[in-house]
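Numbering (our numbering), first residue to last: 2 to 371. Down below is the structure, laid out as C-alpha coordinates.
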(Lines of atoms letter the chains of each structure in order from A and count residues from 1; the text may use other names and numbers.)
(Lines give C-alpha, C1' and ligand atoms only; values in the text may rest on other atoms or scores of the structure.)
Protein backbone atom coordinates (compact mmCIF):
# COMPACT_ATOMS: atom_id res chain seq x y z
CA UNK A 1 0.00 0.00 0.00
CA UNK A 2 2.82 2.43 0.87
CA UNK A 3 4.49 1.73 -2.49
CA UNK A 4 1.24 2.43 -4.33
CA UNK A 5 0.73 5.72 -2.48
CA UNK A 6 4.34 6.71 -3.14
CA UNK A 7 3.88 6.04 -6.85
CA UNK A 8 0.68 8.08 -6.94
CA UNK A 9 2.37 11.00 -5.17
CA UNK A 10 5.30 10.76 -7.59
CA UNK A 11 3.01 10.87 -10.62
CA UNK A 12 1.08 13.72 -9.01
CA UNK A 13 4.30 15.72 -8.66
CA UNK A 14 5.31 15.06 -12.29
CA UNK A 15 1.90 15.96 -13.72
CA UNK A 16 1.70 19.03 -11.52
CA UNK A 17 4.96 20.33 -12.99
CA UNK A 18 3.76 19.58 -16.53
CA UNK A 19 0.46 21.35 -15.91
CA UNK A 20 2.28 24.30 -14.34
CA UNK A 21 4.52 24.64 -17.39
CA UNK A 22 1.52 24.43 -19.73
CA UNK A 23 -0.25 27.10 -17.68
CA UNK A 24 2.68 29.46 -18.09
CA UNK A 25 2.66 28.93 -21.85
CA UNK A 26 -1.09 29.34 -22.30
CA UNK A 27 -1.46 32.37 -20.10
CA UNK A 28 0.93 34.50 -22.12
CA UNK A 29 -2.13 35.92 -23.88
CA UNK A 30 -3.67 38.46 -21.53
CA UNK A 31 -7.17 38.72 -22.98
CA UNK A 32 -9.07 35.54 -23.95
CA UNK A 33 -11.06 35.69 -27.19
CA UNK A 34 -14.75 34.83 -26.94
CA UNK A 35 -16.55 32.90 -29.67
CA UNK A 36 -20.04 31.67 -30.36
CA UNK A 37 -20.31 28.89 -32.95
CA UNK A 38 -21.43 31.38 -35.61
CA UNK A 39 -18.58 33.77 -34.77
CA UNK A 40 -16.04 30.95 -34.90
CA UNK A 41 -17.25 29.83 -38.33
CA UNK A 42 -17.20 33.39 -39.69
CA UNK A 43 -13.66 33.94 -38.38
CA UNK A 44 -12.42 30.68 -39.87
CA UNK A 45 -13.86 31.46 -43.31
CA UNK A 46 -12.07 34.81 -43.35
CA UNK A 47 -8.72 33.25 -42.47
CA UNK A 48 -8.80 29.77 -44.06
CA UNK A 49 -6.34 29.55 -46.96
CA UNK A 50 -8.30 26.83 -48.79
CA UNK A 51 -11.38 29.05 -48.96
CA UNK A 52 -9.30 31.97 -50.22
CA UNK A 53 -7.67 29.78 -52.89
CA UNK A 54 -11.08 28.42 -53.93
CA UNK A 55 -12.29 31.95 -54.68
CA UNK A 56 -9.29 32.47 -56.98
CA UNK A 57 -9.99 29.12 -58.70
CA UNK A 58 -13.53 30.25 -59.53
CA UNK A 59 -12.22 33.45 -61.13
CA UNK A 60 -9.74 31.42 -63.19
CA UNK A 61 -12.51 29.07 -64.30
CA UNK A 62 -14.53 31.99 -65.69
CA UNK A 63 -11.50 32.89 -67.80
CA UNK A 64 -11.22 29.28 -69.01
CA UNK A 65 -14.90 29.28 -69.99
CA UNK A 66 -14.45 32.46 -72.03
CA UNK A 67 -11.37 30.96 -73.69
CA UNK A 68 -13.36 27.84 -74.67
CA UNK A 69 -16.06 30.00 -76.26
CA UNK A 70 -13.43 31.95 -78.17
CA UNK A 71 -11.83 28.70 -79.36
CA UNK A 72 -15.23 27.48 -80.56
CA UNK A 73 -15.79 30.65 -82.58
CA UNK A 74 -12.25 30.50 -83.99
CA UNK A 75 -12.74 26.87 -85.04
CA UNK A 76 -15.93 27.77 -86.90
CA UNK A 77 -14.19 30.61 -88.72
CA UNK A 78 -11.22 28.38 -89.59
CA UNK A 79 -13.52 25.68 -90.98
CA UNK A 80 -15.12 28.13 -93.42
CA UNK A 81 -11.73 28.64 -95.05
CA UNK A 82 -10.19 25.17 -94.56
CA UNK A 83 -12.92 22.56 -94.98
CA UNK A 84 -10.60 20.13 -96.70
CA UNK A 85 -8.18 20.10 -93.74
CA UNK A 86 -10.80 19.34 -91.12
CA UNK A 87 -10.22 16.85 -88.27
CA UNK A 88 -12.29 15.33 -85.49
CA UNK A 89 -10.78 17.54 -82.79
CA UNK A 90 -11.73 20.67 -84.69
CA UNK A 91 -15.17 19.21 -85.38
CA UNK A 92 -15.78 18.64 -81.65
CA UNK A 93 -14.65 22.16 -80.85
CA UNK A 94 -16.99 23.67 -83.45
CA UNK A 95 -19.88 21.59 -82.13
CA UNK A 96 -19.44 23.05 -78.64
CA UNK A 97 -18.07 19.90 -77.00
CA UNK A 98 -15.10 21.65 -75.40
CA UNK A 99 -17.25 24.55 -74.24
CA UNK A 100 -19.67 22.14 -72.58
CA UNK A 101 -16.76 20.30 -70.96
CA UNK A 102 -15.47 23.52 -69.40
CA UNK A 103 -19.00 24.43 -68.23
CA UNK A 104 -19.20 21.04 -66.51
CA UNK A 105 -15.84 21.68 -64.87
CA UNK A 106 -17.15 25.01 -63.63
CA UNK A 107 -20.24 23.36 -62.14
CA UNK A 108 -18.06 20.83 -60.33
CA UNK A 109 -15.67 23.49 -59.08
CA UNK A 110 -18.53 25.52 -57.61
CA UNK A 111 -20.00 22.38 -56.03
CA UNK A 112 -16.65 21.30 -54.55
CA UNK A 113 -15.92 24.80 -53.26
CA UNK A 114 -19.34 24.84 -51.62
CA UNK A 115 -18.45 21.52 -50.00
CA UNK A 116 -15.15 23.00 -48.83
CA UNK A 117 -17.07 25.74 -47.06
CA UNK A 118 -19.42 23.22 -45.48
CA UNK A 119 -16.50 21.00 -44.47
CA UNK A 120 -14.86 23.97 -42.78
CA UNK A 121 -18.10 24.71 -40.92
CA UNK A 122 -18.23 21.11 -39.74
CA UNK A 123 -14.57 21.19 -38.67
CA UNK A 124 -15.07 24.39 -36.69
CA UNK A 125 -18.27 23.23 -35.04
CA UNK A 126 -16.80 19.81 -34.23
CA UNK A 127 -13.75 21.47 -32.67
CA UNK A 128 -16.15 23.73 -30.74
CA UNK A 129 -18.01 20.68 -29.40
CA UNK A 130 -14.75 18.99 -28.48
CA UNK A 131 -13.43 22.02 -26.62
CA UNK A 132 -16.75 22.45 -24.81
CA UNK A 133 -16.72 18.77 -23.84
CA UNK A 134 -13.15 18.85 -22.55
CA UNK A 135 -13.83 22.02 -20.56
CA UNK A 136 -16.92 20.45 -19.02
CA UNK A 137 -15.01 17.25 -18.23
CA UNK A 138 -12.31 19.32 -16.53
CA UNK A 139 -14.90 21.23 -14.47
CA UNK A 140 -16.72 18.04 -13.46
CA UNK A 141 -13.52 16.28 -12.42
CA UNK A 142 -12.35 19.37 -10.56
CA UNK A 143 -15.58 19.42 -8.58
CA UNK A 144 -15.32 15.67 -7.88
CA UNK A 145 -11.73 16.12 -6.78
CA UNK A 146 -12.83 18.80 -4.31
CA UNK A 147 -15.53 16.49 -2.95
CA UNK A 148 -13.05 13.65 -2.47
CA UNK A 149 -10.66 16.08 -0.78
CA UNK A 150 -13.43 16.96 1.67
CA UNK A 151 -13.94 13.25 2.33
CA UNK A 152 -10.23 12.90 2.98
CA UNK A 153 -10.29 15.72 5.53
CA UNK A 154 -13.22 14.08 7.31
CA UNK A 155 -11.39 10.74 7.22
CA UNK A 156 -8.37 12.36 8.88
CA UNK A 157 -10.53 13.50 11.76
CA UNK A 158 -12.19 10.10 12.05
CA UNK A 159 -8.81 8.38 12.03
CA UNK A 160 -7.59 10.67 14.81
CA UNK A 161 -10.46 9.66 17.09
CA UNK A 162 -10.40 6.00 16.06
CA UNK A 163 -13.68 5.92 14.09
CA UNK A 164 -12.01 4.35 11.04
CA UNK A 165 -9.00 2.10 10.53
CA UNK A 166 -5.75 3.28 9.00
CA UNK A 167 -6.38 0.96 6.05
CA UNK A 168 -9.68 2.68 5.25
CA UNK A 169 -8.00 6.06 5.54
CA UNK A 170 -5.24 4.95 3.14
CA UNK A 171 -7.89 3.85 0.65
CA UNK A 172 -9.43 7.33 0.69
CA UNK A 173 -5.97 8.87 0.40
CA UNK A 174 -5.21 6.68 -2.60
CA UNK A 175 -8.52 7.65 -4.20
CA UNK A 176 -7.60 11.31 -3.69
CA UNK A 177 -4.28 10.78 -5.48
CA UNK A 178 -6.04 8.99 -8.32
CA UNK A 179 -8.57 11.80 -8.68
CA UNK A 180 -5.74 14.37 -8.77
CA UNK A 181 -4.11 12.53 -11.66
CA UNK A 182 -7.48 12.23 -13.42
CA UNK A 183 -7.96 15.98 -13.04
CA UNK A 184 -4.51 16.72 -14.45
CA UNK A 185 -5.23 14.47 -17.41
CA UNK A 186 -8.53 16.29 -17.99
CA UNK A 187 -6.72 19.63 -17.84
CA UNK A 188 -4.20 18.41 -20.41
CA UNK A 189 -7.03 17.25 -22.70
CA UNK A 190 -8.74 20.62 -22.31
CA UNK A 191 -5.63 22.55 -23.29
CA UNK A 192 -5.01 20.28 -26.27
CA UNK A 193 -8.62 20.76 -27.41
CA UNK A 194 -8.10 24.52 -27.17
CA UNK A 195 -5.01 24.33 -29.38
CA UNK A 196 -6.91 22.13 -31.87
CA UNK A 197 -9.70 24.70 -31.94
CA UNK A 198 -7.21 27.52 -32.49
CA UNK A 199 -5.59 25.61 -35.33
CA UNK A 200 -8.89 25.14 -37.16
CA UNK A 201 -9.71 28.85 -36.85
CA UNK A 202 -6.24 30.04 -37.79
CA UNK A 203 -5.50 31.52 -34.36
CA UNK A 204 -2.14 31.36 -32.58
CA UNK A 205 -1.93 27.92 -30.94
CA UNK A 206 -1.46 29.35 -27.44
CA UNK A 207 -4.34 31.83 -27.69
CA UNK A 208 -6.79 31.54 -24.78
CA UNK A 209 -10.41 31.29 -25.94
CA UNK A 210 -13.77 31.22 -24.18
CA UNK A 211 -16.87 29.60 -25.66
CA UNK A 212 -20.13 31.50 -25.28
CA UNK A 213 -22.56 28.91 -26.70
CA UNK A 214 -23.83 26.18 -24.41
CA UNK A 215 -24.11 22.76 -26.05
CA UNK A 216 -27.51 21.46 -25.02
CA UNK A 217 -29.76 18.58 -25.98
CA UNK A 218 -31.88 18.95 -29.09
CA UNK A 219 -34.34 17.07 -31.27
CA UNK A 220 -33.43 16.27 -34.87
CA UNK A 221 -36.05 15.15 -37.34
CA UNK A 222 -34.28 12.60 -39.49
CA UNK A 223 -35.43 12.91 -43.12
CA UNK A 224 -36.83 9.89 -44.90
CA UNK A 225 -34.55 7.76 -47.05
CA UNK A 226 -36.11 9.07 -50.28
CA UNK A 227 -35.88 12.72 -49.18
CA UNK A 228 -32.21 12.45 -48.32
CA UNK A 229 -31.39 10.43 -51.43
CA UNK A 230 -32.95 13.12 -53.65
CA UNK A 231 -30.82 15.70 -51.85
CA UNK A 232 -27.66 13.66 -52.33
CA UNK A 233 -28.31 13.38 -56.06
CA UNK A 234 -27.98 17.15 -56.28
CA UNK A 235 -24.93 17.71 -54.09
CA UNK A 236 -22.89 14.50 -53.85
CA UNK A 237 -19.83 15.51 -55.87
CA UNK A 238 -19.04 12.03 -57.22
CA UNK A 239 -22.64 11.35 -58.25
CA UNK A 240 -23.00 14.76 -59.91
CA UNK A 241 -19.67 14.27 -61.69
CA UNK A 242 -20.84 10.89 -62.98
CA UNK A 243 -24.07 12.41 -64.33
CA UNK A 244 -22.26 15.30 -66.04
CA UNK A 245 -19.74 12.87 -67.55
CA UNK A 246 -22.57 10.68 -68.84
CA UNK A 247 -24.24 13.70 -70.42
CA UNK A 248 -20.98 14.79 -72.07
CA UNK A 249 -20.34 11.21 -73.19
CA UNK A 250 -23.68 11.20 -75.02
CA UNK A 251 -22.54 14.28 -76.90
CA UNK A 252 -19.25 12.61 -77.81
CA UNK A 253 -21.10 9.49 -79.02
CA UNK A 254 -23.34 11.56 -81.25
CA UNK A 255 -20.44 13.52 -82.70
CA UNK A 256 -18.34 10.38 -83.24
CA UNK A 257 -21.19 8.58 -84.99
CA UNK A 258 -21.82 11.58 -87.25
CA UNK A 259 -18.15 12.08 -88.11
CA UNK A 260 -16.88 8.49 -88.39
CA UNK A 261 -20.09 6.50 -88.87
CA UNK A 262 -22.02 4.05 -86.70
CA UNK A 263 -19.97 1.03 -87.83
CA UNK A 264 -16.57 2.64 -87.22
CA UNK A 265 -14.08 1.29 -84.69
CA UNK A 266 -14.03 4.67 -82.95
CA UNK A 267 -17.77 4.50 -82.30
CA UNK A 268 -17.68 0.84 -81.21
CA UNK A 269 -14.94 1.64 -78.69
CA UNK A 270 -17.09 4.41 -77.25
CA UNK A 271 -19.98 1.98 -76.79
CA UNK A 272 -17.75 -0.37 -74.80
CA UNK A 273 -16.49 2.52 -72.67
CA UNK A 274 -20.09 3.52 -72.07
CA UNK A 275 -20.90 0.06 -70.71
CA UNK A 276 -17.97 0.29 -68.29
CA UNK A 277 -19.04 3.74 -67.14
CA UNK A 278 -22.61 2.60 -66.56
CA UNK A 279 -21.44 -0.34 -64.44
CA UNK A 280 -19.23 1.93 -62.32
CA UNK A 281 -21.97 4.54 -61.97
CA UNK A 282 -24.50 1.92 -60.88
CA UNK A 283 -22.05 0.54 -58.31
CA UNK A 284 -21.47 4.01 -56.85
CA UNK A 285 -25.20 4.70 -56.70
CA UNK A 286 -25.84 1.43 -54.84
CA UNK A 287 -23.00 2.25 -52.41
CA UNK A 288 -24.53 5.68 -51.83
CA UNK A 289 -27.89 4.05 -51.03
CA UNK A 290 -26.22 1.50 -48.73
CA UNK A 291 -24.33 4.16 -46.77
CA UNK A 292 -27.44 6.30 -46.44
CA UNK A 293 -29.45 3.42 -44.96
CA UNK A 294 -26.89 2.87 -42.21
CA UNK A 295 -26.37 6.59 -41.60
CA UNK A 296 -30.07 6.90 -40.78
CA UNK A 297 -30.00 3.77 -38.60
CA UNK A 298 -26.95 5.04 -36.68
CA UNK A 299 -28.57 8.43 -36.10
CA UNK A 300 -31.64 6.80 -34.60
CA UNK A 301 -29.48 4.57 -32.37
CA UNK A 302 -27.42 7.56 -31.19
CA UNK A 303 -30.57 9.51 -30.32
CA UNK A 304 -31.81 6.57 -28.26
CA UNK A 305 -28.47 6.28 -26.45
CA UNK A 306 -28.67 9.93 -25.41
CA UNK A 307 -32.10 9.34 -23.88
CA UNK A 308 -30.76 6.38 -21.91
CA UNK A 309 -27.69 8.33 -20.77
CA UNK A 310 -29.91 11.15 -19.55
CA UNK A 311 -31.90 8.63 -17.52
CA UNK A 312 -28.63 7.26 -16.12
CA UNK A 313 -27.71 10.75 -14.87
CA UNK A 314 -31.06 11.03 -13.08
CA UNK A 315 -30.62 7.62 -11.46
CA UNK A 316 -27.02 8.26 -10.37
CA UNK A 317 -28.05 11.67 -8.98
CA UNK A 318 -30.78 10.06 -6.87
CA UNK A 319 -28.28 7.41 -5.74
CA UNK A 320 -25.82 10.14 -4.78
CA UNK A 321 -28.46 12.03 -2.79
CA UNK A 322 -29.35 8.86 -0.88
CA UNK A 323 -25.65 8.15 -0.29
CA UNK A 324 -25.16 11.64 1.16
CA UNK A 325 -28.00 11.07 3.62
CA UNK A 326 -26.63 7.68 4.64
CA UNK A 327 -23.12 9.09 4.96
CA UNK A 328 -24.35 11.92 7.16
CA UNK A 329 -26.05 9.33 9.37
CA UNK A 330 -22.89 7.22 9.53
CA UNK A 331 -24.47 4.30 7.66
CA UNK A 332 -21.91 4.06 4.84
CA UNK A 333 -18.15 4.52 4.60
CA UNK A 334 -16.14 7.26 2.91
CA UNK A 335 -15.34 4.88 0.05
CA UNK A 336 -19.04 4.19 -0.51
CA UNK A 337 -19.61 7.93 -0.65
CA UNK A 338 -16.74 8.44 -3.07
CA UNK A 339 -18.04 5.60 -5.25
CA UNK A 340 -21.44 7.32 -5.52
CA UNK A 341 -19.77 10.62 -6.42
CA UNK A 342 -17.67 8.96 -9.11
CA UNK A 343 -20.70 7.17 -10.57
CA UNK A 344 -22.50 10.51 -10.87
CA UNK A 345 -19.42 12.14 -12.42
CA UNK A 346 -19.04 9.35 -14.96
CA UNK A 347 -22.73 9.46 -15.86
CA UNK A 348 -22.51 13.19 -16.60
CA UNK A 349 -19.36 12.75 -18.64
CA UNK A 350 -20.86 9.90 -20.66
CA UNK A 351 -23.95 11.99 -21.43
CA UNK A 352 -21.86 14.94 -22.60
CA UNK A 353 -19.71 12.69 -24.79
CA UNK A 354 -22.75 11.00 -26.34
CA UNK A 355 -24.46 14.36 -26.90
CA UNK A 356 -21.46 15.86 -28.66
CA UNK A 357 -20.95 12.70 -30.69
CA UNK A 358 -24.60 12.79 -31.79
CA UNK A 359 -24.44 16.49 -32.68
CA UNK A 360 -21.35 15.77 -34.79
CA UNK A 361 -23.17 12.90 -36.55
CA UNK A 362 -26.16 15.13 -37.25
CA UNK A 363 -23.94 17.96 -38.44
CA UNK A 364 -22.08 15.78 -40.95
CA UNK A 365 -25.29 14.08 -42.11
CA UNK A 366 -27.16 17.36 -42.51
CA UNK A 367 -24.35 19.09 -44.42
CA UNK A 368 -23.35 15.93 -46.34
CA UNK A 369 -19.75 16.01 -45.17
CA UNK A 370 -17.71 12.87 -44.52
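Here a beta-carbon is modelled for each residue, glycine too, at the ideal position from N, C-alpha and C. The model shown is predicted, which means the values in this text are computed figures rather than measured ones.
Check	Outcome
Pair within 8 Å by beta-carbon distance, residue 307 and residue 359	yes
DSSP state of residue 233 mapped onto helix, strand, coil	helix
When 55, 107, 110, 238 are compared against residue 286, the one with the closest alpha-carbon	238
Distance CB(residue 245)-CB(residue 109) smaller than 8 Å	yes
Length of the line joining the Cα atoms of residue 275 and residue 250	8 Å
Alpha-carbon spacing of residue 126 relative to residue 195, whole angstroms	13 Å
Buried/exposed call for residue 115, threshold 16 Cβ in 10 Å	exposed
Same chain only: Cβ atoms within 6 Å of residue 122, ignoring 5 sequence neighbours per side	42
Distance between residue 294 and residue 314 (C-alpha atoms, nearest Å)	31 Å
Where residue 364 falls: helix, strand or coil (DSSP)	helix
Of the listed residues 83, 228, 102, nearest to residue 243 (C-alpha basis)	102
Every unbroken beta strand (DSSP E) inside the stretch 199–280 [3 residues or more]	210–212
Counted within 10 angstroms of its Cβ, other Cβ atoms place residue 211 as buried (16 or more) or exposed	exposed
CA nearest to the CA of residue 56, picked from 107, 83, 97	107
Extent of the continuous beta strand (DSSP E) to which residue 34 belongs	34–36
Cβ pair count under 8 Å reaching 3, the stretch 128–145 against the stretch 181–201	yes
Sequence-distant residues of the same chain with beta carbon closer than 6 Å to residue 201, five excluded per side	124, 125, 128
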